[in-house]
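Working notes, structure below.
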Amino acid sequence: MTAATEELTPRRRTWSAFRRNPLGVASGIVLLLLALVAVFAPLIAPFPEGYGADTSQPPSAAHWFGTDDIGQDVFAQVVWGTRVSMAVGVSASVLAIVIGLLIGVSAAYFRRLDTPLGVLVDLSLSLPVLPLMILVAALAGPSVRTLAVVIALFSWPEVARVVRSQALSIVPMPFVSAAKVVGGSALWIVRTHLLPGVIPVVGVSVVLTTSRAVLAEAGLSFLGLGDPNSWSWGTILHKAQQSGSLASAWWTTLFPSLAILLLVLSTTLLSVAYNDARNHRNGS
Numbered sequence: 001m002t003a004a005t006e007e008l009t010p011r012r013r014t015w016s017a018f019r020r021n022p023l024g025v026a027s028g029i030v031l032l033l034l035a036l037v038a039v040f041a042p043l044i045a046p047f048p049e050g051y052g053a054d055t056s057q058p059p060s061a062a063h064w065f066g067t068d069d070i071g072q073d074v075f076a077q078v079v080w081g082t083r084v085s086m087a088v089g090v091s092a093s094v095l096a097i098v099i100g101l102l103i104g105v106s107a108a109y110f111r112r113l114d115t116p117l118g119v120l121v122d123l124s125l126s127l128p129v130l131p132l133m134i135l136v137a138a139l140a141g142p143s144v145r146t147l148a149v150v151i152a153l154f155s156w157p158e159v160a161r162v163v164r165s166q167a168l169s170i171v172p173m174p175f176v177s178a179a180k181v182v183g184g185s186a187l188w189i190v191r192t193h194l195l196p197g198v199i200p201v202v203g204v205s206v207v208l209t210t211s212r213a214v215l216a217e218a219g220l221s222f223l224g225l226g227d228p229n230s231w232s233w234g235t236i237l238h239k240a241q242q243s244g245s246l247a248s249a250w251w252t253t254l255f256p257s258l259a260i261l262l263l264v265l266s267t268t269l270l271s272v273a274y275n276d277a278r279n280h281r282n283g284s
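Just so you know, full-length UniProt numbering puts 53 at position 53 of the sequence shown, and the rest follows in order with no gaps.
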């Protein structure tokens, strides 16, 4: 009972410190609301398709975010774009975290793999990411799944570097040495000692990687490499650019851009607040 209480104490201290950070709490609420919008998009607005009678109308009571050049409601586009953008961001983030976690922990624990895996990470970080993303996405064909995989393949190196750095501080610990002495297998030691030790860092990486993935998806979709049969924030901007609405109908680009800014800002503030709380910089 005492051991369980002691184990939960750092978590409680982290949560207590996090609750005292208003920006962190507000960011968490914003991300939760965006997630709810993505999940319940069909209940919030009808799927934007076809043509409408009210073309290029500014924001009004009938159309909160205005309409585009073919009369589609921009509010509905942003709502359904939230679903696709966050789906791509979360999927790419999870895949990048899995790859980065495996490579980072392997490099830290299996010293013979550290050099070749380190070279692989450094080489991946030195590549021109955006041109390669554009090339791979163009060759693979536009789809939501393609975007998620492409973004993940170019996002894992930063995760691997952070995980390796954290894991290297855990490997020399006495409890890891004791586990080796008593005959614990490498897989058991990694699963029991290393993974729990790097999970807090992974938590921060998940949030930041999701933010970067959403930005990457928006950029690729804006260039016309997104799925033409679905809506995302980048797709809205791409269609506004194609129709010439960038200058004549400011609302067609303002609201999806604000959605991207809101998500990126919220994820950044949330990760900073969580990292501060985890390190107990407030003295709690």
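Where is the CB? At the ideal position from N, CA and C, for every residue including glycine.
Quick one: residues in its chain with C-beta nearer than 8 Å to the C-beta of GLU6, no 5 flanking neighbours on either side, listed in chain order?
-> Counted from its first residue, the sequence shown places residue 6 at position 6. With a pLDDT of 44 at GLU6, under the threshold of 50, the predicted position of this residue should be treated as unreliable, and no value is reported.
Beta-carbon gap between ILE170 and ALA179 smaller than 8 Å = In the sequence shown, the residue the question calls residue 170 occupies position 170. In the sequence shown, the residue the question calls residue 179 occupies position 179. Taking 8 Å as the Cβ cut-off, ILE170 and ALA179 do not qualify as a contacting pair.
Could you tell me which of ASP122, ARG164, SER91 sits nearest to VAL207, measuring between CA atoms?
-> Taking the sequence shown and counting its residues from 1, the one referred to as residue 207 is at position 207. The shortest Cα separation from VAL207 among ASP122, ARG164, SER91 belongs to SER91.
Taking only the alpha-carbon atoms, compute the straight-line gap between LEU237 and GLY203 and give it to the nearest angstrom.
-> On the sequence shown, residue 237 is found 237 positions in, with the first residue counted as 1. On the sequence shown, residue 203 is found 203 positions in, with the first residue counted as 1. Approximately 31 Å between the Cα atoms of the pair.
Count the other CB atoms within 10 Å of the CB of ARG112; is the residue buried (16 or more) or exposed (fewer)?
-> Your numbering for residue 112 matches position 112 in the sequence shown. Classification of ARG112: exposed, given that the 10 Å Cβ count is below 16.
Tell me whether MET40 is buried or exposed, calling it buried when 16 or more other Cβ atoms sit within 10 Å of its Cβ.
-> For the purposes of this step, residue 40 is identified with residue 40 of the sequence shown, where counting begins at 1. According to the sequence provided, residue 40 is Phe. The question's Met does not apply to it. Exposed: under 16 other Cβ atoms inside 10 Å.
Residues bridged to ASP73 [DSSP beta-bridge criterion] = Taking the sequence shown and counting its residues from 1, the one referred to as residue 73 is at position 73. Partner(s): THR67.
Between the C-alpha atoms of TRP251 and VAL121, what's the straight-line distance to the nearest angstrom?
-> Working through the sequence shown from its first residue, we reach residue 251 at position 251. Working through the sequence shown from its first residue, we reach residue 121 at position 121. Near 41 Å, if we compare the C-alpha coordinates of VAL121 and TRP251.
Which residues in the same chain have their Cβ closer than 7 Å to the Cβ of ASN275, if we skip the five residues on either side of it in sequence?
-> Position 275 of the sequence shown, counted from the start, is the residue given in the question as residue 275. The answer, listed in chain order, is VAL204.
What residue range is occupied by the uninterrupted alpha helix (DSSP H) comprising ALA35?
-> If you number the sequence shown from 1, residue 35 lands on position 35. Here the alpha helix (DSSP H) through ALA35 covers 22-39.
When burial is assigned at 16 or more other CB atoms within 10 Å of the CB, is ILE70 buried or exposed?
-> Walking along the sequence shown from the start, residue 70 turns up at place 70. It is exposed - the Cβ of ILE70 has fewer than 16 other Cβ atoms within 10 Å.
Name the residue from LEU187, GLY118, VAL176 whose alpha carbon lies nearest to the alpha carbon of VAL162.
-> Within the sequence shown, numbered from 1, the residue matching residue 162 stands at position 162. Closest option to VAL162, Cα to Cα, is GLY118.
Whose CA, out of ASN279, SER126, THR253, VAL176, lies closest to the CA of SER155?
-> Numbered from 1 along the sequence shown, position 155 holds the residue referred to as residue 155. Out of ASN279, SER126, THR253, VAL176, SER126 has the C-alpha closest to the C-alpha of SER155.
Length of the line joining the Cα atoms of ALA96 and VAL159 | Residue 96 sits at position 96 when you count from the first residue of the sequence shown. Residue 159 sits at position 159 when you count from the first residue of the sequence shown. The alpha-carbon atoms of ALA96 and VAL159 are separated by roughly 7 Å.
How would you write the range of the alpha helix (DSSP H) that ASN275 sits in, first residue to last?
-> Walking along the sequence shown from the start, residue 275 turns up at place 275. From DSSP, the alpha helix (DSSP H) with ASN275 extends over 251-278.
Measure the Cβ-Cβ separation of GLY104 and ARG164 and say whether it is below 8 Å.
-> Residue numbering aside, residue 104 sits at position 104 when the sequence shown is read from its first letter. Residue numbering aside, residue 164 sits at position 164 when the sequence shown is read from its first letter. Closer than 8 Å, so yes.
When DSSP labels each residue in this structure, what does ALA138 get in the three-state scheme?
-> Position 138 of the sequence shown, counting from 1, holds the residue named residue 138. DSSP places ALA138 in helix when its eight states are reduced to three.
Check SER284 in the structure and name its three-state DSSP category.
-> Here the question's residue 284 lines up with position 284 in the sequence shown. A caution first: SER284 carries a pLDDT of 44, below 50, which makes its placement in the model unreliable, though a value can still be read off. Here SER284 sits in coil by DSSP.
Rounded C-alpha distance that separates LEU168 from LEU132 | The residue you call residue 168 lines up with position 168 of the sequence shown. The residue you call residue 132 lines up with position 132 of the sequence shown. Their backbone Cα atoms lie some 31 Å apart in a straight line.
When you compare only the Cα positions, how much space is there between PRO42 and ARG83?
-> Within the sequence shown, the letter at position 42 stands for residue 42. Within the sequence shown, the letter at position 83 stands for residue 83. Looking at the two C-alpha atoms, the distance is approximately 10 Å.
Who are the Cβ neighbours of VAL19 in its own chain at under 6 Å, not counting the five residues just before and after it?
-> Counting from one through the sequence shown, the residue named residue 19 turns up at place 19. The residue you asked about is not Val; residue 19 is Arg in the sequence shown. Contacts found: none.
Exposed or buried, what is THR115 when buried is set at 16 or more other beta-carbons lying within 10 Å of its beta-carbon?
-> Stepping through the sequence shown from its first residue, residue 115 is reached at position 115. Per the 10 Å Cβ criterion, exposed.
By how many angstroms is the C-alpha of VAL78 removed from the C-alpha of SER230?
-> Indexing the sequence shown from 1 puts residue 230 at position 230. Indexing the sequence shown from 1 puts residue 78 at position 78. If you take the alpha carbons of SER230 and VAL78, they lie about 12 Å apart.
Assigned secondary structure, SER16 (DSSP; H/G/I helix, E/B strand, else coil) = Taking the first residue of the sequence shown as position 1, residue 16 is located at position 16. It is helical.
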